[in-house]
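Structure first, then comments.
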Amino acid sequence: MSFNRRRFLEVTLLGATALNIPFSNFLKAKKAAAVSPTIPSKGVVIDTNVSIFQWPFRKLKYADTKALVDKLQKHGVREAWTGSYEALFHKNIDGVNARLAEACQREGEGILFPFGTVNPRWPDWQEDLRRCDDEYGMAGIRLYPGYQNYTLDLPEFTELLRQSSERGMIVQIAIDQEDERMQHPKVEIPAVDVRPLPAAMAEAPGVKVQLLNPFRHVRGERLRMMIEQTDVLFGTSNLDGTGSLERILAGKHWYLRDLSISSDRLMVGSHMPFRPLESVLFQLMESELSEQDATAIMAGNADRLIGNV
Numbered sequence: 003m004s005f006n007r008r009r010f011l012e013v014t015l016l017g018a019t020a021l022n023i024p025f026s027n028f029l030k031a032k033k034a035a036a037v038s039p040t041i042p043s044k045g046v047v048i049d050t051n052v053s054i055f056q057w058p059f060r061k062l063k064y065a066d067t068k069a070l071v072d073k074l075q076k077h078g079v080r081e082a083w084t085g086s087y088e089a090l091f092h093k094n095i096d097g098v099n100a101r102l103a104e105a106c107q108r109e110g111e112g113i114l115f116p117f118g119t120v121n122p123r124w125p126d127w128q129e130d131l132r133r134c135d136d137e138y139g140m141a142g143i144r145l146y147p148g149y150q151n152y153t154l155d156l157p158e159f160t161e162l163l164r165q166s167s168e169r170g171m172i173v174q175i176a177i178d179q180e181d182e183r184m185q186h187p188k189v190e191i192p193a194v195d196v197r198p199l200p201a202a203m204a205e206a207p208g209v210k211v212q213l214l215n216p217f218r219h220v221r222g223e224r225l226r227m228m229i230e231q232t233d234v235l236f237g238t239s240n241l242d243g244t245g246s247l248e249r250i251l252a253g254k255h256w257y258l259r260d261l262s263i264s265s266d267r268l269m270v271g272s273h274m275p276f277r278p279l280e281s282v283l284f285q286l287m288e289s290e291l292s293e294q295d296a297t298a299i300m301a302g303n304a305d306r307l308i309g310n311v
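Read in order, the letters of the sequence shown correspond to residues 3 to 311 in the numbering used here.
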């Protein structure tokens, strides 16, 4: 079965809210399209790239955790892997992780899954990793090498991958957080160079790695390297262009025209609240996808990675 705009509306909670049309008109459109009026009461999307607390450089619309959760639920997100903006600059990493875990528990309505952070350049990072796993019950960690001032050829980074693999934890690597053209001139953060990643992953068998916000800087030969030499998965937050998912699956996207990324390596990741949630949802709506591909991207790959299936 083809998975297009009609099918997407049938199986998600997106509905009139994301389309910004009156609900009565939405019902008429569904009836005219012969779409089942049954909409699941529980979301069907896993968003693998959400953050809470205050972005340091400007006020974001959904900075309030309750407002963020309401937005996610309204648009059919059943699970959101959640990091903390405090991780970018705070020195007390365990304090950052403890507040993240507590906020997700208190205000997350059962859909915010905390992903703490670890800085392998700092002393006793192994203890921070242990606490993320043993004390806070986190399924994974989110790394910010650009902000935390290390590169992926750091020996301690390889060791972090190895220990994360032993614990069965997911490792998310934020390639960037903000377009460099928009950065504050006193805080210019480089994008992460992924070229050392294949060698590091080879030293950590079984490690589960996802790249967040990858596609501004992981293109061309670097993207080819990630596809051919690793099994990393890619968040879709900055996969640009109309029909971008359809194009990248078919090997027709301008990021890497002659090589495709299979659907089992793509996961919804909105980068909310910095970017609109609707951006990644419309990626699904505007591409002609098979039911199998769409299901994998919306939630199946994330379920597999986190161990739900």
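Note that beta-carbon positions come from the ideal geometry of N, C-alpha and C, so glycine has one too.
Small disclaimer: the values here were computed from a predicted structure and weren't measured.
(request) Could you name each continuous alpha helix (DSSP H) segment of 4 residues or more that falls completely within the segment 200 to 266, going from the start of the chain to the end? (result) Fully enclosed alpha helix (DSSP H) runs of 4 or longer: 222 to 231, 246 to 252.
(request) Have a look at Leu283, Lys76, Arg226 and flag the residue whose alpha-carbon is nearest the alpha-carbon of Ser262. (result) Closest option to Ser262, Cα to Cα, is Arg226.
(request) Might you give, ordered along the chain, the residues of its own chain that have their beta carbon closer than 7 Å to the beta carbon of Asn121, omitting 5 neighbours on each side? (result) Ile95, Trp127, Gln150, listed in sequence order.
(message) Assess contact between the segment 218 to 232 and the segment 248 to 266, defined as three or more Cβ pairs (one per stretch) separated by less than 8 Å. Is contact present?
(response) With the cut-off at 8 Å, the segment 218 to 232 and the segment 248 to 266 touch.
(request) Quick one: grab the DSSP three-state call for Ile177. (result) In this structure, Ile177 counts as coil in the three-state DSSP scheme.
(request) Please name the residue, chosen from Pro278, Gln107, Phe159, that lies closest to Lys68 on a Cα-to-Cα basis. (result) Of the listed residues, the one whose Cα sits closest to Lys68 is Gln107.
(request) Name the one or two DSSP bridge partners that Arg197 has. (result) Looking at the DSSP output, Arg197 shares a beta bridge with no other residue.
(message) Report the CB separation of Phe236 from Leu213 in whole angstroms; it is logged as a contact under 8 Å.
(response) Beta-carbon to beta-carbon, Phe236 and Leu213 are separated by about 5 Å, close enough to satisfy the 8 Å threshold.
(request) Can you give me the Cβ contacts of Ala82 inside the same chain, cut-off strictly under 7 Å, excluding the 5 residues immediately before and after it? (result) Cβ neighbours of Ala82 beyond the five flanking positions: Asp49, Val52, Leu74, Ile113, Leu114, Phe115.
(request) Pick helix, strand or coil for Ala82, following the three-state DSSP scheme. (result) Here Ala82 carries a strand assignment [DSSP, helix/strand/coil].
(request) Output yes or no for whether 7 Å exceeds the beta carbon distance between Ala176 and Tyr146. (result) Taking 7 Å as the Cβ cut-off, Ala176 and Tyr146 qualify as a contacting pair.
(message) Taking the straight line between their C-alpha atoms, what separation do you get for Pro187 and Asn310?
(response) Approximately 43 Å between the Cα atoms of the pair.
(request) Rank Met140, Ile229, Pro192, Phe276 by C-alpha distance to the C-alpha of Arg267 and give the top, closest one. (result) When Met140, Ile229, Pro192, Phe276 are compared, the shortest CA-CA separation from Arg267 is found for Ile229.
(request) Would you check if the distance between the CB atom of Ser272 and the CB atom of Leu279 is smaller than 7 Å? (result) Against a cut-off of 7 Å, the Cβ pair of Leu279 and Ser272 comes out as a contact.
(request) Could you spell out where the alpha helix (DSSP H) holding Asn51 opens and where it closes? (result) For Asn51, there is no enclosing alpha helix (DSSP H); the enclosing beta strand (DSSP E) covers residues 47 to 54.
(message) If you follow the alpha helix (DSSP H) that Leu163 is in, where does it begin and where does it stop?
(response) Taken as a continuous stretch (DSSP letters only), the alpha helix (DSSP H) holding Leu163 covers 157 to 169.
(message) Taking the straight line between their C-alpha atoms, what separation do you get for Ala202 and Phe159?
(response) Cα to Cα, Ala202 sits roughly 8 Å from Phe159.
(message) Between which two residues does the alpha helix (DSSP H) holding Arg101 run?
(response) Counting along the chain, the alpha helix (DSSP H) containing Arg101 begins and ends at 95 to 109.
(message) Helix, strand or coil, according to DSSP, for Leu307 in the structure here?
(response) Here Leu307 sits in helix by DSSP.
(message) I believe Met171 touches Ile143 by the beta-carbon criterion, under 8 Å. Please report the beta-carbon distance rounded to the nearest angstrom.
(response) Right, the Cβ-Cβ distance comes to about 6 Å (below 8 Å), so this counts as a contact.
(message) Using a 10 Å radius around the Cβ and a threshold of 16 neighbouring Cβ atoms, would you call Lys210 buried or exposed?
(response) When all chains shown are included, Lys210 counts as buried.
(request) Kindly identify the DSSP beta-bridge partner or partners of Met300. (result) Checking the DSSP bridge columns, you'll see Met300 has no partner listed.
(request) Going by CA-CA distance only, name the one from Arg60, Pro58, Phe59, Ile54 that's closest to Asp66. (result) Closest option to Asp66, Cα to Cα, is Ile54.
(message) For Met400 and Gln285, what's the separation of their Cα atoms in angstroms?
(response) A question about residue 400 goes unanswered here, because the residues of the chain that appear run from 3 up to 311.
(request) Can you give me the start and stop residues for the alpha helix (DSSP H) that Leu283 sits inside? (result) Following the DSSP letters along the chain, one finds Leu283 inside the alpha helix (DSSP H) bounded by residues 279 to 288.
(request) Using a threshold of 7 Å, state whether the C-beta atoms of Met269 and Asn303 are closer than that. (result) Going by C-beta atoms, Met269 is nearer than 7 Å to Asn303.
(request) For Arg144, write down the residues that DSSP places opposite it in a beta bridge. (result) DSSP output for Arg144 lists Gln174 as bridge partner(s).
(message) Looking at Ile299: is its Cβ nearer than 7 Å to the Cβ of Ser265?
(response) Cβ atoms of Ile299 and Ser265: closer than 7 Å.
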